[in-house]
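Here is the structure we will look at.
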Amino acid sequence: MNIREFIIFGLSGQCGHDLKRLTSACSFIVDEPPSERVILERFSSIFEYARQQVPYYNQKFKHVFAPQSLYVIEAIRDIPCITREEIIRHSVLSRQGRPVTSLESGGTTGGKIKTHLDLTYLLDRYGSLLRILYALGWTMGEPIAALHPEEYRISRYLKTKEIRRFIFEAFLQYAIYRLFHNRVNIYYGRSCFSNVSPHNFKKKIERLGARLLITRPDILLAWIKQLSGSSELPAPVPVVLCVGNILTASAKALVEEMLGCSCHNMYASTEMGYVGLSCKHSGEWVHIDEDNYFVEIDTAGSSEIIITDFRNRAMPLIRYRTGDVGNLQEGFCPCGRKGKSLKVLGRVNRFILNERGERVYESGIVDIISTLPGVSGLQIRKMPHNQLTVRMRSFQSGIGALDSLAKALGVRRESLSFDPDSNFLMSDSGKFPYIC
Ligand SMILES: [Zn+2]
Numbered sequence: 011m012n013i014r015e016f017i018i019f020g021l022s023g024q025c026g027h028d029l030k031r032l033t034s035a036c037s038f039i040v041d042e043p044p045s046e047r048v049i050l051e052r053f054s055s056i057f058e059y060a061r062q063q064v065p066y067y068n069q070k071f072k073h074v075f076a077p078q079s080l081y082v083i084e085a086i087r088d089i090p091c092i093t094r095e096e097i098i099r100h101s102v103l104s105r106q107g108r109p110v111t112s113l114e115s116g117g118t119t120g121g122k123i124k125t126h127l128d129l130t131y132l133l134d135r136y137g138s139l140l141r142i143l144y145a146l147g148w149t150m151g152e153p154i155a156a157l158h159p160e161e162y163r164i165s166r167y168l169k170t171k172e173i174r175r176f177i178f179e180a181f182l183q184y185a186i187y188r189l190f191h192n193r194v195n196i197y198y199g200r201s202c203f204s205n206v207s208p209h210n211f212k213k214k215i216e217r218l219g220a221r222l223l224i225t226r227p228d229i230l231l232a233w234i235k236q237l238s239g240s241s242e243l244p245a246p247v248p249v250v251l252c253v254g255n256i257l258t259a260s261a262k263a264l265v266e267e268m269l270g271c272s273c274h275n276m277y278a279s280t281e282m283g284y285v286g287l288s289c290k291h292s293g294e295w296v297h298i299d300e301d302n303y304f305v306e307i308d309t310a311g312s313s314e315i316i317i318t319d320f321r322n323r324a325m326p327l328i329r330y331r332t333g334d335v336g337n338l339q340e341g342f343c344p345c346g347r348k349g350k351s352l353k354v355l356g357r358v359n360r361f362i363l364n365e366r367g368e369r370v371y372e373s374g375i376v377d378i379i380s381t382l383p384g385v386s387g388l389q390i391r392k393m394p395h396n397q398l399t400v401r402m403r404s405f406q407s408g409i410g411a412l413d414s415l416a417k418a419l420g421v422r423r424e425s426l427s428f429d430p431d432s433n434f435l436m437s438d439s440g441k442f443p444y445i446c
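At position 249 of the sequence shown (counting the first as 1) the number is 259 in the working numbering, and the numbers step up by one without a gap.
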């Protein structure tokens, strides 16, 4: 155990959390998922707690059966879901909850919501983060580089006079991440998607000697595609952890080839925490932490991902509609784990309906960028009368790529028009909207 681990594990032990045991497993999740009986017990426990402690749930679940009758998983589907809009309109804070902080989601689509966490849950989440980092072969103190959009600089809380949040973020970023995790943030502006300097990131990552790079896949893909058009050698970083938006199998393969790294995909959100992590065999699918989350797909048509978090008692989220669309599968993975895994396709309201009547979500656009030679950025804007305008950054002929693009999307070539504006539109949270 190094000195940083000694201090962090010791402090967490004082708060009743055995982080040393968690991280020594070197695995994000156990090989064997919990039994159906255990899942039902955990679901019933948080459901009953929410119904008793949160006035809004008390009203909402008034006509829902008693949790004792939750004897099969399928019965959970009879419980109404909660949406982002409901959480914004009605408080779902529990009466017993003692929040120590609140985290605001980026609001890429829809309004922003604040997720309140009590101390126990905050430490639980931190434990999950450490389990993920240790599962990737990192040890506390080894250098980490993290790419962040400018929007994530903590000085924004000073501008909005959110002093408590500023203090919490400053403690997290500088005391925990910088001092103990040895993590350095590298900030990038919106213009990087239109004009990435591939050498800029490389130099900074090299200077840090980073063992691990944490990044959103959107900026990573833009960077890698720029790099593929230059003679520059990639930055030597052994492990890349992607979080925040879409990483497809083709994008992941390209990153691994270009950087010579092992690239992992994490599914996480401000509201839910760290839900899943890919292994080296699972491609773009992430193994779900079934001990702590119940994950469903809306089979009624939208394929929206619905999640119940078993641990958040300050602000319980029961069957929360995430706004993400995905596929769920169950079975064995060559890594030895069994249980559920999840593939995220995009946001529920961001898709192109093609000629075959199929929905092409943002993952489809990411696949096209990954595989279309010469294209480093691509954004499709939906216009009236089923017309699509295309903004593209390409170091070959952009116009010539429209034929391939129409074919890949499954749309008529006449429905696509090239927009010569090379500046991409961006979301408020700094995420790159592939479809807007
Ligand atoms: Zn696996």
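For each residue, glycine too, the CB sits at the ideal point set by N, CA and C.
Look at S272: its beta carbon is at least 7 Å from all of the heavy atoms in ligand 1. When secondary structure is reduced to three states using DSSP, P159 falls in the strand class. Rounded to the nearest angstrom, the Cβ distance from I378 to L363 is 16 Å, too far for a contact under 8 Å. Linking I98 to L327 through their CA atoms gives a straight-line distance of about 13 Å. Cα atoms of I142 and E424: separation of roughly 46 Å, rounded to the nearest angstrom. Beta-bridge pairing by DSSP links A278 to Y284.
In the three-state reduction of the DSSP assignment, E95 falls in the helix class, which pools H, G and I.
With respect to the 8 Å criterion, T125 and L113 are classified as neighbours on the basis of their beta carbons.
Note on geometry: alpha-carbon atoms of C271 and P248 lie some 5 Å from one another. Judged by pairs of C-beta atoms under 8 Å, the region 255 to 271 touches the region 355 to 375, as three or more such pairs exist. Taking each of G219, W148, E368, Y277 in turn and checking the Cα distance to S34, the smallest one comes out for W148.
Linking L237 to D334 through their CA atoms gives a straight-line distance of about 30 Å.
Between E368 and G420, the gap from beta carbon to beta carbon is short of 8 Å. Taking a C-beta distance under 8 Å as the contact criterion, M325 and V102 qualify as a contact pair. Beta-bridge annotation (DSSP): F361 is paired with Y371. For D41, the closest of M150, H297, V305, Q397 by C-alpha to C-alpha distance is H297. In the structure shown, G387 falls within a strand segment according to DSSP collapsed to helix, strand and coil.
From the listed residues V194, M11, F75, Y136, the smallest Cα separation to S22 is found for Y136. By the rule of a C-beta closer than 6 Å to any heavy atom of ligand 1, the residues picked out are C289, H291, S292, H297, C343, C345, R347.
Note on the region 99 to 185: whole alpha helix (DSSP H) runs with a minimum of 4 residues are 129 to 145, 166 to 169, 173 to 180, in chain order.
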